[in-house]
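First up is the structure itself, then whatever we jot down about it.
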Amino acid sequence: MLVRRISSVLGLFSAKGGVGKTVLAVNLATDLGRMLKGRVALMEVCNVAPSIHLYFDLPEPEIPPRKIITGGARIEDAIVKYGNALDVVSLLFDHSSEAEITVIIDLLRERYPLIILDSPPGLGPEVHSSLRACNEIIVVCLPEIPSVLQALKTCRIAEQWRVPIERVIVNRIQGGEFEISPTDLRKTFGGAVISIVPEDPNVAESVAKGKPLILLKPESPAAQEVHRISRSIATKVRKNIKTLYGAR
Numbered sequence: 457m458l459v460r461r462i463s464s465v466l467g468l469f470s471a472k473g474g475v476g477k478t479v480l481a482v483n484l485a486t487d488l489g490r491m492l493k494g495r496v497a498l499m500e501v502c503n504v505a506p507s508i509h510l511y512f513d514l515p516e517p518e519i520p521p522r523k524i525i526t527g528g529a530r531i532e533d534a535i536v537k538y539g540n541a542l543d544v545v546s547l548l549f550d551h552s553s554e555a556e557i558t559v560i561i562d563l564l565r566e567r568y569p570l571i572i573l574d575s576p577p578g579l580g581p582e583v584h585s586s587l588r589a590c591n592e593i594i595v596v597c598l599p600e601i602p603s604v605l606q607a608l609k610t611c612r613i614a615e616q617w618r619v620p621i622e623r624v625i626v627n628r629i630q631g632g633e634f635e636i637s638p639t640d641l642r643k644t645f646g647g648a649v650i651s652i653v654p655e656d657p658n659v660a661e662s663v664a665k666g667k668p669l670i671l672l673k674p675e676s677p678a679a680q681e682v683h684r685i686s687r688s689i690a691t692k693v694r695k696n697i698k699t700l701y702g703a704r
């Protein structure tokens, strides 16, 4: 099907929790939604404690994927519009199978040229399911040895499955004495594109207020770097949008 060939799923992955992956997913999706005129969906795959709704001050998800698959609900019933720029897919993943995840993503592929997937942390089965569904991935880590080593494992798994790595985002950089330097990070990840996002106290405020940083304080340091990353991704996606929808 033409739509499925052109539509792209970009997943954010981190082998360790607490690296700021969901914050990045929320802000990248929001920014890309504005750039791409609302043709972006954001979905969190989390079997334990879904949280992405909190970043937008939205209700908790209630619809499980199997309800849509069995015809008890439509995919549209799980889509919450956030302004005019972004559709948040609000689903209650509860030990969902790889097949269920794949079916939901295929339904979204028919509707959006770009889907941002916020995967669960770790390297478990649900992470593998999410990874296989992606056209490209972003690996997120902190500038610390344990986090970087786990990120390298994620990169190797992606390479084994021939899933391209769009970039590695090293998040919450403070320039501390014991952080891995940007130069060493670039050496460690070889030819991968490396983006450095600084520690930003405004992130805590944005989470508390349920409003993405890119909207709340667009001039803040982390928001500025997210915007640079978004511009790079949008340039590639626009080519697919023009092919699929024609210039608008």
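Residue 457 is where the sequence shown starts when you use the working numbering, and the numbers rise one by one after that. All C-beta atoms in this analysis are idealised placements derived from N, C-alpha and C, irrespective of residue type, glycine included.
Let me make sure I understand the geometry here. Which of Asn-483, Phe-512, Asp-513, Phe-549 has the alpha-carbon closest to that of Ile-525? On the sequence shown, residue 525 is found 69 positions in, with the first residue counted as 1. That would be Phe-549, whose Cα lies nearest to the Cα of Ile-525.
Determine the DSSP secondary structure at Arg-623, reduced to helix, strand or coil. Stepping through the sequence shown from its first residue, residue 623 is reached at position 167. Here Arg-623 sits in strand by DSSP.
Given a cut-off of 7 Å on the beta-carbon distance, is the pair Ser-575 and Gly-467 in contact? The residue given as residue 575 occupies position 119 in the sequence shown. The residue given as residue 467 occupies position 11 in the sequence shown. Contact flag set, yes.
Straight-line gap, Phe-645 to Lys-609 (C-alpha atoms, nearest Å): The sequence position of residue 645 within the sequence shown is 189, counting from 1. The sequence position of residue 609 within the sequence shown is 153, counting from 1. C-alpha separation (whole angstroms): 11 Å.
So, with DSSP's three-state summary, where would you put Asp-412? No statement about residue 412 is possible, as the shown extent of the chain runs from 457 to 704 and does not include it.
Alpha carbon to alpha carbon, what distance is there between Ser-546 and Leu-458? Walking along the sequence shown from the start, residue 458 turns up at place 2. Walking along the sequence shown from the start, residue 546 turns up at place 90. With a pLDDT of only 36 at Leu-458, under the threshold of 50, the placement of this residue in the model should not be trusted, and no figure is reported.
DSSP three-state assignment for Phe-549, whether helix, strand or coil: Sequence index remark: in the sequence shown, residue 549 carries index 93 (1-based). In the structure shown, Phe-549 sits in coil (DSSP, three-state: anything other than H, G, I, E or B).
In the structure shown, what three-state DSSP assignment does Cys-590 receive? As a first step, residue 590 is located in the sequence shown; it is residue number 134 there, counting from the start. DSSP places Cys-590 in coil when its eight states are reduced to three.
From Leu-669 to Ala-614, what does the alpha carbon distance come to, in whole angstroms? Residue 669 sits at position 213 when you count from the first residue of the sequence shown. Residue 614 sits at position 158 when you count from the first residue of the sequence shown. Rounded to the nearest angstrom, the two C-alpha atoms are 29 Å apart.
How many Å lie between Val-540 and Ile-601 at the Cα? For the purposes of this step, residue 540 is taken as residue 84 along the sequence shown, with counting starting at 1. For the purposes of this step, residue 601 is taken as residue 145 along the sequence shown, with counting starting at 1. Looking at the sequence itself, residue 540 is Asn, so the reference to Val does not match. C-alpha separation (whole angstroms): 40 Å.
Hey, Ala-589 and Val-504: beta-carbon distance below 7 Å or not? Along the sequence shown, read from residue 1 onward, the residue named residue 589 stands at position 133. Along the sequence shown, read from residue 1 onward, the residue named residue 504 stands at position 48. Taking 7 Å as the Cβ cut-off, Ala-589 and Val-504 do not qualify as a contacting pair.
Under DSSP, the beta strand (DSSP E) around Gly-467 begins and ends at which residues? As a working mapping, residue 467 is identified with position 11 in the sequence shown. Note, Gly-467: beta strand (DSSP E), 464-469.
Using alpha carbons as the reference points, say which of Ala-648, Arg-495, Leu-570, Asp-543 lies closest to Phe-512. Along the sequence shown, one-based indexing puts residue 512 at 56. For Phe-512, the nearest C-alpha among the options comes from Asp-543.
Identified DSSP bridge partners for Lys-537: As a working note, residue 537 is residue 81 in the sequence shown. For Lys-537, which the question treats as bridged, DSSP gives the partners Asp-543.
Can you give me the Cβ contacts of Thr-495 inside the same chain, cut-off strictly under 7 Å, excluding the 5 residues immediately before and after it? On the sequence shown, residue 495 is found 39 positions in, with the first residue counted as 1. Inspection of the sequence shows that residue 495 is occupied by Arg rather than by Thr. So the list reads Tyr-568, Pro-569, Leu-570, Ile-697, once near-sequence residues are dropped.
I think Phe-469 touches Leu-587, with their Cβ atoms under 8 Å apart; what is that distance to the nearest whole Å? Working through the sequence shown from its first residue, we reach residue 469 at position 13. Working through the sequence shown from its first residue, we reach residue 587 at position 131. Contact holds; Cβ gap of about 7 Å.
Please give me, in chain order, every unbroken run of the alpha helix (DSSP H) with length at least 4 that falls completely inside the region 656-698. You should have 658-665, 669-672.
Same chain only: Cβ atoms within 6 Å of Ile-685, ignoring 5 sequence neighbours per side: As a working note, residue 685 is residue 229 in the sequence shown. The residues are Ser-651.
Taking one C-beta from the region 655-665 and one from the region 676-683 each time, how about it: are there three or more such pairs within less than 8 Å? Taking a cut-off of 8 Å for Cβ pairs, the region 655-665 and the region 676-683 touch, as three or more such pairs fall below it.
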